[in-house]
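**Q** Sequence lines, in order, name chains L and V.
Counting with our numbering, you get residues 310 to 412 for the letters of the first sequence.
Counting with our numbering, you get residues 204 to 432 for the letters of the second sequence.
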Amino acid sequence: MSAVWIAVVVASLGCYALKLAGLSVPAAWVEQPWVARIVDFVPAALLAALVAVQVVTSGNELVVDGRLAGLAVAALALALRAPFIVVLVLAGAAGALVHVVTG
Amino acid sequence: MPADRSRTVRDSIGLGLAVGLYGVAFGASADAAGLDAWQAMVLSVLMFTGASQFALVGVLGAGGSPAAAVGSALLLGTRNTVYGVRMAPLLAPRGPLRRAGAAHWVIDETTAMAVAAPDRETGRLAFWATGASIYLGWNAMTLVGVLGASGLGGTAEAALDSVVPAAFLALLWPRLRRGFAEHVVQRRVALGGAVVALALTPFVPAGVQVIAAAAAVALAGRPRREVPA
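#1: Take every Cβ of the segment 359-376 of chain V, pair it with every Cβ of the segment 401-408 of chain L, and state whether three or more of those distances are shorter than 8 Å.
#2: With H, G and I counted as helix, E and B as strand and the rest as coil, what does DSSP make of L:T366?
#3: Please specify which runs of the alpha helix (DSSP H), each continuous and at least 4 residues long, are wholly inside the segment 215-256 of chain V, giving them in chain order.
#4: To which residues does DSSP link V:R381 through a beta bridge?
#5: Please name the residue or residues paired with L:L371 in a DSSP beta bridge.
#6: Along the chain, where does the alpha helix (DSSP H) containing V:Q412 start, and where does it finish?
#7: Against chain L, does V:L346 count as a neighbour if the rule is that its beta carbon must be under 8 Å from one of theirs?
#8: Suppose the cutoff is 6 Å on Cβ atoms and the five residues either side in sequence are ignored; what does the same chain contact list for L:L329 look like?
#9: Closer than 7 Å by C-beta to V:A432: which residues in its own chain qualify, once you throw out the five before and the five after it? Chain order, please.
#10: For V:P292, which three-state DSSP category applies?
#11: At a threshold of 7 Å, does V:A417 count as lining the ligand PLP (C-beta to nearest heavy atom)?
#12: In the structure shown, what three-state DSSP assignment does V:G356 receive?
#13: Could you work out which residues of chain V lie near L:L355, taking near to mean beta carbons separated by less than 7 Å?
#14: Identify the contact partners of L:V339 in chain V, using a Cβ-Cβ distance below 7 Å as the criterion.
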């Protein structure tokens, strides 16, 4: 079994266990203020980190290319409350345009 | 009330269609990260929680280790534990088998729909209808995305490289918007997470910086004192 398959299966089972735990453990274990605090804010930290890493890194290096133009367009579209699919299409078009222009 | 029930079912179907679009994006991201169609489908069928799936393929796509990918997926999956605690009294699943089945569908959308329902009976209907609709839409459209993306050429791949972070940004965006609970603090934590990740990028194995970014939660500060009801 490849490393990717192991990651896929282990993470899937782990995420399911986290869901099942919610329905199974006493509420008092989870409903502590600091647990709620962490759970409320972990997604913002991780999703922003993923955006940053996907846009301006390649391996261990910081790289600026068409992806940054795509992200800027996506942010603008989101600010204008464009539907999800429009955001993705515009971001993709911007990235492709920079790729073609810069060759 | 029949009006409540039919509106609930209608909303569930609409949500399933909308989430299907994210499914296409996920399938395409999985392909861009080097996963095959089977791996993408196992994630959508078994993991079935969007942000964690995106994180797993995002970290692998960035050249991260499988351990870092699993770690970030699990960190994002802790949300569902809290949802489960909130949903347990409403769902009150009888027996371990029903509980095991219900658990699989405890995610952002089903919890939001169930909690917003006017009464317990409608809440349960909202949970099961939304769960079924999203499960179908998410899995069908993951397949469309991963198969569609696998036949792309150079320019289309450059487009996909920009689509994947845009999809992450769209997942993040609602949390930063005015109206979300403590959106100013959410913005601070998000900015902190991005800065931590980029600052660590030259020094740590790929993927580890994403998990380390969770430390930015410290910027949220201490929990607010509970206000007695």
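Glycine is no exception: its CB is placed at the ideal position from the N, C-alpha and C atoms.
**A** On the basis of the data shown:
#1: By the C-beta criterion, the segment 359-376 of chain V is judged to be in contact with the segment 401-408 of chain L, since at least 3 inter-stretch pairs fall below 8 Å.
#2: strand
#3: 240-245
#4: Under DSSP, V:R381 shares a beta bridge with V:F383.
#5: L:T366
#6: In this chain, the alpha helix (DSSP H) harbouring V:Q412 covers 411-415.
#7: no
#8: none
#9: In this prediction, V:A432 scores a pLDDT of 46, lower than 50, which makes its location untrustworthy; the coordinate-derived value is nonetheless stated afterwards. The beta carbon of V:A432 lies closer than 7 Å to none in the same chain, with the five residues before and after it left out.
#10: helix
#11: Summarising the ligand content, the structure contains no ligands, and the ligand PLP is consequently not present.
#12: When secondary structure is reduced to three states using DSSP, V:G356 falls in the coil class, being assigned neither helix nor strand.
#13: A258, S275, L278, L279, G396, V413, A416, A417
#14: Ordered by position in chain V, the residues that pass the 7 Å Cβ test against L:V339 are T284, V285, V288.
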